[in-house]
Every structure is written in C-alpha cells, then in structure tokens.
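Enquirer: Following this message is one structure expressed as structure tokens.
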Amino acid sequence: MGATLAVAPCDWSTIRIFRNAASSRSQIKMTTMEQEPRSMSVSLRRRLTALAALAMLGGLAAGYRSSLISVTLVVDGESRQVRTHQDTVGSFLLDTGLTLYAEDIVEPGLDQSLRPGMTVRVVCARPVLIQADGRTRLVRTHAVTPDQVLSEAGLSLAPHDRVVVESSPAGDDSLLHVRVIRAVPITVHEDGRAFAFYTTASTVGGALREAGLTLYLADRVEPGLGQPLSSGMHIYVERSQPVAVRVDGRTIRTRTHRDLVGHVLADLGIVLTGQDYTHPPLDATLNGDLTIEVVRVYERFLIQQDPIPFDVVWQPDPDLELDQRRLIQEGAAGVLERRLRVRYENGQEVSRTVENEYVAVPPTTKVIGYGTRIVVRQLETAEGTVEYWRVIRMLATSYSASTAGTPRTSSYYGRTRLGWPMRYGIVAVDPRLIPLRTQVYVPGYGVGVAGDTGGAIKGRRIDLGYDDDNLALWYRWVDVYLLTPVPPVDQINYIIGQ
31 MGATLAVAPC DWSTIRIFRN AASSRSQIKM TTMEQEPRSM SVSLRRRLTA LAALAMLGGL
91 AAGYRSSLIS VTLVVDGESR QVRTHQDTVG SFLLDTGLTL YAEDIVEPGL DQSLRPGMTV
151 RVVCARPVLI QADGRTRLVR THAVTPDQVL SEAGLSLAPH DRVVVESSPA GDDSLLHVRV
211 IRAVPITVHE DGRAFAFYTT ASTVGGALRE AGLTLYLADR VEPGLGQPLS SGMHIYVERS
271 QPVAVRVDGR TIRTRTHRDL VGHVLADLGI VLTGQDYTHP PLDATLNGDL TIEVVRVYER
331 FLIQQDPIPF DVVWQPDPDL ELDQRRLIQE GAAGVLERRL RVRYENGQEV SRTVENEYVA
391 VPPTTKVIGY GTRIVVRQLE TAEGTVEYWR VIRMLATSYS ASTAGTPRTS SYYGRTRLGW
451 PMRYGIVAVD PRLIPLRTQV YVPGYGVGVA GDTGGAIKGR RIDLGYDDDN LALWYRWVDV
511 YLLTPVPPVD QINYIIGQ
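FYI, the numbering for the sequence shown is 31 to 528, going by our numbering.
The following block contains the structure:
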C-alpha cells in the first residue's frame, strides 16, 4: 500500500482563449454634420460618411490591441504565454476555457488582480475511482499513495485488507481505479487439525493457495474450490495419501482415499487374472507412502526329453581267444519324456514341476563278447624258452627294500605282502589283475614272481623288485608275460580294463 499515484497534467486541448475585439462587440455611433452644403450631391455625402466611419473604427481597433497584457499560464508544469484583456485571475482562467474543480490548486487566488508578466499556476487534482465496501465513488486528490487517497476519502484499512490499484477499466489513463478488498476470517480443517487466518481471496481455492496449501487432484475440499468465501467460513480438506503401483513393467504414482490395496487397483482399472497376486495382498490396509507390486503369473507346459543310458553286458565267448573282444549287439540310448509345468512371474521363470514322465523309447543293451579260450605259447628268451598263457601291456617301475617307503624300525621292513624277504625277482602287482604267486616274464628284467602289492600299484602297473645294492630304475611300458601253469578259472580276470 506504499504505491505512488502519478498525477496526469491537464489537457491543453481544453483551454480556450478568446480575444474579443471592441470592433466586434461594440456599436459605434457616428453623428452627422448638422450643416451640409445643399449643393453637395447625395452620393458624395454617402462616401464621406463611410470614410469617416472607417477612420473611427480603425482608431478604436488600434486602441484595443494596445490594451492587451501578456500572462504566463502554467498548468501541471506545462507553460505557455497568453495575451488577455481580463483583469482578475478567475476571469482570465474562465476566458481560457480551462475547466477547474474545487480540489484543483490555483496560484495566485482566483480573485487576485491580473498584472502584465504575471505567472498563473494551476495544479489539477487527479481523478480516482474508489471501490470499497460495496460502493463506488469518484474523488479528486493530490495524494500520492493509496493510503493517503483512502484516508482523504475517510476509509480505514484493517491489518489484513488489501488495496489494488489499476488503470481505469474504460481505458482512460488519467483515471485510476483503487479497490479495497476486505479480509475475512476463515478456518481450515485439515487431517484432524484446524487453523484460522484472514484472507482477501474471493474463492475457497484462492484462500487455500494464500495459506500455502498444496492440493492434489485426489484431495477432497468442502465447500468446493470455486465457491465464494464468506466471513467465518469453515473449509474442510481431506487429504489423499500417495501410493505407487508397479505393474506390467511400469510404475504408476497416484493418490487415493482408499483404505485397501484391492480398492486402489480397482480405481486404476488394474485387473488380476488367473494366479496373479499382489504384494502386499489385496486385503492389506494402505499405510503411508506404499508401493504395491502386481505380480503377473502364467504357466506353460513343456515336454522335455532326456536320454536313458544303455547298459553294457559282457558275454563270454569260448570260441574267442583270451583278451579278444567282439561286438555282439550295439547299444542305443533310450528316451525319457517328462511333462513339465513351468511357472513364470513377471516374465521370469520361478519354478519347474514334473507332472508326469514315461519311457518313450527304451534303451538297447550293448553286448560285448570276450574271449575265454586260453592258448599256451612259447617265447624264446636269453634265459631260455618259456611258456606263457597271457600277455599284458603294463607300466613297469622298480623298487627295493629301502625305497619301498616302509620305515626301517617297522617290523615288516624288507618284507613283501606274502611275508617274503625282499629281493631281486619279486614283483609287486594288482592281485585283481595278476594273482599272487603267478610267475611272470619281463623283457629286460627276467623271470619274477608276483609276491608283493603296493598302494600305487593298481591295474596295469607292475613294480620290479631289486636288492638295495643292485637297484635299477624303471619307468616304461613293457609286455608282461604270465607263465604257465594256467591258474584255476575262478582266479582268472577275463576282462582287463584299458
């Protein structure tokens, strides 16, 4: 309300200056000569009369002009020179055609005598249209602030009232429009609390905006936001609560007055089908800034085929020589079909369940025939001819009593598996492949007897025994000949692994 009102100058176009010549307002009487020569013609007399009249009028006009005085007229700071015959300030201003109001300031006063070279100052009052308390009135004032204008008009302002200064609605720039908006007390009830304040707003929505309340589309306001305000009005604001819904790969953020998760989804048009579910559940109560997740569930049935390994059966063949093999029947894997129920949640697989399974194609057993016919042969060696009934390809290593890994303090140090003293000619074997006490012939070593075993001697491994003083180191593949006699059938391992 500390605004300054601009003062518009008077319009010079309204000033009219009249210069009244005596020749135009006075009647001049002219007397004729009492005596005229009778001999003068009528026409001559008329000419002489006209000449005399013109001479008199010219003299009067010259005298009138010489009686004009010069005055400086200043209206709202704008100055111009005016010549006049008037003798007072008031008659001078009246002669100019300037319209004056009682609130205008004239210096010197209207009844002051006018003198040549005088300056007459006029300060026009500004017209102001005041609208307050249901009334509209026009005042003229020299006040420069809205408060001063209202004070001159006898209007007082309460602490919360508002003053609006506008240009004239009619578009007249010289006319100001001052509106006084009276503040009214109202009370707002929000979420169980109430607060009162004064407002100059015209509607409920404007008052809440003045109070700094941010409203959301889902909030409820009673009376409505567009309703006009009245003094002492109570406004009720029921706040909605924020909620977010994650569904179908997107997040919807909204506000609601609903209490249950299911009601929120119904308002949003989100439908659960089949085994769809939500977290929290549909009957859960909303609490605070909640996020609801909608889990879309669907199931698919798949047929899964898995191979069934075939069995391998070894079948003795008396017509086939020992350590020979032949394929009697080729094996083939079978097919096991399973019907699976696959569950997806939000597009991700979460479980697989076997509904049923059956053998679609049974496997075919592989049958291998192995030879059981033993043939005794002879081998010429440096030590003489030997008879053997089997040849096995083996990895040969060597050892002695001191390298066997048995502590010297042990009671069985230097003793073999059969309790024999360790010496050259005793070999360690895997009894599952070569029975103990079997005689063998190893090229480069000679004849030995299977009389010992070892933790590392498994399958196609043979450890050649030496005395400590004649140990020769071995590590190579050799043919090992099993010498006669042929052991009993139950002691022969017909199938030797690779």
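We put the CB at the ideal spot given by N, CA and C, even for glycine.
Looking only at its own chain, which residues have a Cβ that is under 7 Å from the Cβ of residue 504, when we skip the five neighbours before and after it?
Expert: The residue given as residue 504 occupies position 474 in the sequence shown. Here the set comprises 426, 427, 428, 494.
Enquirer: Distance, Cα to Cα, residue 479 vs residue 501?
Expert: Locating residue 479 in the sequence shown gives position 449, where the first residue counts as 1. Locating residue 501 in the sequence shown gives position 471, where the first residue counts as 1. One C-alpha to the other measures close to 17 Å.
Enquirer: Does the distance from the CB of residue 219 to the CB of residue 250 come in under 8 Å?
Expert: What you label residue 219 is simply residue 189 of the sequence shown in a count that begins at 1. What you label residue 250 is simply residue 220 of the sequence shown in a count that begins at 1. The answer is no: Cβ separation not under 8 Å.
Enquirer: Do the region 360-379 and the region 440-451 touch if we need at least three Cβ pairs shorter than 8 Å?
Expert: Output reads no: the region 440-451 does not touch the region 360-379.
Enquirer: Is the beta carbon of residue 143 less than 8 Å from the beta carbon of residue 117?
Expert: Within the sequence shown, numbered from 1, the residue matching residue 143 stands at position 113. Within the sequence shown, numbered from 1, the residue matching residue 117 stands at position 87. Closer than 8 Å, so yes.
Enquirer: Go ahead and pull the three-state DSSP assignment for residue 245.
Expert: Here residue 245 refers to the residue found at position 215 when the sequence shown is read from its first residue. Coil, per DSSP.
Enquirer: Restricting to Cα atoms, I'd like to know which of 342, 304, 165, 400 is closest to residue 324.
Expert: For the purposes of this step, residue 324 is taken as the residue at position 294 of the sequence shown. Ranking the options by Cα distance to residue 324, first place goes to 304.
Enquirer: Can you list, in chain order, the stretches of the beta strand (DSSP E) that have 3 or more residues and sit fully within the region 253-299?
Expert: As far as the region 253-299 is concerned, its whole beta strand (DSSP E) runs of at least 3 residues are 263-268, 271-277, 280-286.
Enquirer: Which one of 248, 492, 230, 361 has the shortest CA to CA distance from residue 455?
Expert: Working through the sequence shown from its first residue, we reach residue 455 at position 425. The residue with the shortest Cα to Cα distance from residue 455 is 492.
Enquirer: Within the chosen definition, does the region 328-348 reach the region 357-364 through at least 3 CB pairs nearer than 8 Å?
Expert: Verdict: yes, contact present.
Enquirer: Less than 8 Å between the C-beta atoms of residue 230 and residue 216, yes or no?
Expert: Your numbering for residue 230 matches position 200 in the sequence shown. Your numbering for residue 216 matches position 186 in the sequence shown. Cβ atoms of residue 230 and residue 216: not closer than 8 Å.
Enquirer: Check each candidate in 528, 435, 103 and name the one with the smallest Cα separation from residue 355.
Expert: Walking along the sequence shown from the start, residue 355 turns up at place 325. The shortest Cα separation from residue 355 among 528, 435, 103 belongs to 528.
Enquirer: Determine, using beta carbons only, whether residue 416 and residue 471 come nearer to each other than 8 Å.
Expert: Here residue 416 corresponds to residue number 386 of the sequence shown, with the count starting at 1. Here residue 471 corresponds to residue number 441 of the sequence shown, with the count starting at 1. In this structure, residue 471 lies closer than 8 Å to residue 416 by Cβ.
Enquirer: Given this structure, state the Cα-to-Cα distance separating residue 211 from residue 164, to the nearest angstrom.
Expert: Along the sequence shown, read from residue 1 onward, the residue named residue 211 stands at position 181. Along the sequence shown, read from residue 1 onward, the residue named residue 164 stands at position 134. Rounded to the nearest angstrom, the two C-alpha atoms are 10 Å apart.
Enquirer: What number of angstroms, rounded off, separates the C-alpha of residue 464 from the C-alpha of residue 507?
Expert: As a position in the sequence shown, residue 464 is number 434, starting the count at 1. As a position in the sequence shown, residue 507 is number 477, starting the count at 1. Distance between the alpha carbons of residue 464 and residue 507: 17 Å.
Enquirer: Check each candidate in 411, 293, 451 and name the one with the smallest Cα separation from residue 314.
Expert: As a working note, residue 314 is residue 284 in the sequence shown. Ranking 411, 293, 451 by Cα distance to residue 314 puts 293 first.
Enquirer: Can you name the residues that DSSP bridges to residue 338?
Expert: Reading the sequence shown from its first residue, position 308 is the one you call residue 338. According to DSSP, which records beta bridges pairwise, residue 338 is partnered with 364.
Enquirer: Just curious, the beta strand (DSSP E) that residue 217 is in, first and last residue?
Expert: Locating residue 217 in the sequence shown gives position 187, where the first residue counts as 1. Looking at the DSSP string, the run of the beta strand (DSSP E) that includes residue 217 is 214-220.
Enquirer: With DSSP as the reference, label residue 357 as helix, strand or coil.
Expert: Here residue 357 refers to the residue found at position 327 of the sequence shown. If DSSP states are grouped into helix, strand and coil, residue 357 belongs with the strands.
Enquirer: With respect to 7 Å, is the separation between the Cβ of residue 133 and the closest non-hydrogen atom of the ligand FAD below this value?
Expert: Summarising the ligand content, the structure contains no ligands, and the ligand FAD is consequently not present.
Enquirer: Near residue 151, which residues of its chain fall below 6 Å by C-beta distance, leaving aside the five closest residues on each side in sequence?
Expert: Working through the sequence shown from its first residue, we reach residue 151 at position 121. Taken in chain order, the residues that qualify are 104, 137.
Enquirer: So, helix, strand or coil for residue 126, using DSSP?
Expert: Along the sequence shown, one-based indexing puts residue 126 at 96. Correct three-state label for residue 126: helix.
Enquirer: Is it buried or exposed for residue 437, if we count other Cβ within 10 angstroms and need 16 for buried?
Expert: Mapped onto the sequence shown, residue 437 falls at position 407. Looking at its Cβ environment, which holds fewer than 16 other Cβ atoms inside 10 Å, residue 437 is exposed.
Enquirer: Kindly give me the distance between the Cβ atoms of residue 488 and residue 520, rounded to whole angstroms, as I take these residues to be in contact under 8 Å.
Expert: As a first step, residue 488 must be located in the sequence shown, where it is residue number 458. As a first step, residue 520 must be located in the sequence shown, where it is residue number 490. Rounded, the Cβ-Cβ distance is 22 Å, inconsistent with contact.
Enquirer: With a 10 Å radius around its C-beta and 16 neighbouring C-beta atoms as the bar for buried, classify residue 224 as buried or exposed.
Expert: What you label residue 224 is simply residue 194 of the sequence shown in a count that begins at 1. The residue is exposed, with fewer than 16 neighbouring Cβ atoms inside 10 Å.
Enquirer: Please name the residue or residues paired with residue 118 in a DSSP beta bridge.
Expert: In the sequence shown, residue 118 corresponds to position 88, counting from 1. Partner(s): 143.
Enquirer: So, is residue 301 buried or exposed, given that buried needs 16 or more other C-beta atoms within 10 angstroms?
Expert: Residue 301 sits at position 271 when you count from the first residue of the sequence shown. It counts as exposed.
Enquirer: Buried or exposed: where does residue 482 fall if 16 or more other Cβ atoms within 10 Å of its Cβ makes it buried?
Expert: As a working note, residue 482 is residue 452 in the sequence shown. Buried, by the Cβ-count rule.
Enquirer: Which same chain residues, not among the five before or five after residue 161, have their C-beta less than 6 Å away from its C-beta?
Expert: As a first step, residue 161 is located in the sequence shown; it is residue number 131 there, counting from the start. 209.
Enquirer: If we call anything under 8 Å between Cβ atoms a contact, is residue 372 one with residue 329?
Expert: Locating residue 372 in the sequence shown gives position 342, counting from the first residue. Locating residue 329 in the sequence shown gives position 299, counting from the first residue. Going by C-beta atoms, residue 372 is nearer than 8 Å to residue 329.
Enquirer: Kindly indicate the opening and closing residues of the beta strand (DSSP E) around residue 380.
Expert: As a first step, residue 380 is located in the sequence shown; it is residue number 350 there, counting from the start. Per DSSP, residue 380 belongs to the beta strand (DSSP E) from 378-391.
Enquirer: Determine the DSSP secondary structure at residue 472, reduced to helix, strand or coil.
Expert: Counted from its first residue, the sequence shown places residue 472 at position 442. Note: residue 472 maps to strand in three-state DSSP.
Enquirer: So, is residue 237 buried or exposed, given that buried needs 16 or more other C-beta atoms within 10 angstroms?
Expert: Within the sequence shown, the letter at position 207 stands for residue 237. Flag for residue 237 reads buried.
Enquirer: Going residue by residue through the region 392-473, where are the continuous beta strand (DSSP E) segments of at least 3 residues, counting only ones entirely within it?
Expert: With a minimum length of 3 residues, the continuous beta strand (DSSP E) runs that stay inside the region 392-473 are 396-403, 407-411, 414-429, 456-458, 469-472.
Enquirer: Return the Cβ separation of residue 333 and residue 387 in integer angstroms, given the expectation that the two are a contact with Cβ distance under 8 Å.
Expert: The residue given as residue 333 occupies position 303 in the sequence shown. The residue given as residue 387 occupies position 357 in the sequence shown. Contact flag wrong, Cβ pair sits at about 10 Å.
Enquirer: Where does residue 238 sit, in a helix, a strand or coil, going by DSSP?
Expert: Working through the sequence shown from its first residue, we reach residue 238 at position 208. In this structure, residue 238 counts as helix in the three-state DSSP scheme.
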